[in-house]
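Letter by letter, the sequence shown follows residues 13 to 238 in the numbering used here.
Where is the CB? At the ideal position from N, CA and C, for every residue including glycine.
All of these numbers come straight from a predicted model, not from anything done at the bench.
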Amino acid sequence: MKSSEIFTTYDKNVHRFGIISTIIIILTFVAVPLGIQIAFGVSIDVQKMLITLLAALAVFGPIAVCEFVSYAPIIGAGGQYLDFITGNMMNMKVPAAKNAQKICNIDAGTPEADAVATIAIGVSSIVTTVILFIGMLLIGQIAPFLQKPAFKPAFDNIMPAIFAPLAIPAIVKSFKIASAPVILTIAGTLIFGYAAVAAKQSYLLPVALVLSVLWAYFLYKRGAIK
């Protein structure tokens with residue numbers, strides 16, 4: 013059997029199980045308020061519910077679309093199904109997938125990279141669940157220790173600590189391609205401030221991706237890269 017046929021079957025299975033899992037999760041989320049309504053006779057104000065829903069969609073809808081488009085080339089279909097179901101995408105699942113692809117020495121966007129990303133995100137989800145369960149049991153003993161002032165600088169720099177080891181090798185490996193989005197990001201941070209840029213990172217990420225593609229195409233046409 014050819015490799016393309018194997019991965020075509022794999023992709024079909026991923027989407028089938030991904031859709032089924034997503035439907036189950038959505039029904040599970042809906043079952044909780046619906047069960048409370050039935051058990052305790054709580055009435056639902058449909059108008060207020062729709063207003064709240066539309067307000068949430070106005071804020072998180074564009075972010076969800078941007079994240080969907082931005083992460084698809086990195087983690088593939090299987091990774092995205094797990095990612096959107098389990099959460100913690102930006103600060104945990106995507107770095108786990110990228111690191112796994114780096115260890116396996118494969119490029120993002122390939123069928124092999126999609127499979128590795130799916131496994132990495134699945135393992136990360138299991139580990140997260142186990143740690144949260146342990147933390148829930150030991151929160152009384154752990155909380156006073158973590159709230160010490162000495163740990164505050166560490167918690168304030170979690171995101172840079174996660175992404176710097178992932179970004180630097182990618183920049184060094186493809187410095188010509190990375191130069192334009194990196195310079196734009198640094199300039200934007202210096203002009204508008206870190207807080208403003210961080211608040212809009214979900215919108216800025218696809219812009220940086222499009223810029224990277226256009227810049228790479230420009231360099232390719234000029235013969236600067238192969």
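With respect to G134, L94 sits close: the two C-beta atoms are nearer than 8 angstroms. Counting of Cβ neighbours within 10 angstroms places K105 among the buried residues, the total reaching 16 or more. Within the region 57-106, the complete alpha helix (DSSP H) runs of at least 4 residues fall at 58-98.
The criterion of a C-beta distance shorter than 8 angstroms is satisfied by V26 and G90. Pairing S136 with I97 gives a Cβ-Cβ distance that is not under 8 angstroms. Under the DSSP assignment, G147 falls in the alpha helix (DSSP H) whose first and last residues are P123 to L158.
In terms of Cβ geometry, A182 and S224 do not form a close pair [threshold 8 angstroms]. The C-beta distance from G88 to A132 rounds to 11 angstroms, too long to meet the 8 angstroms contact threshold.
Remark: C-beta atoms of C116 and L217 do not approach each other more closely than 8 angstroms. In the structure shown, the three-state DSSP call for N117 is coil. Counting along the chain, K164 sits inside the alpha helix (DSSP H) bounded by residues K164 to D168. The continuous alpha helix (DSSP H) containing S191 extends over residues F187 to F204. Your pair P107 and I48 does not check out as a contact, with CB atoms roughly 36 angstroms apart and the cut at 8 angstroms. Exclusion of the five residues before and after K188 leaves L231, A236 and I237 as the residues of its chain whose Cβ lies within less than 7 angstroms of its Cβ.
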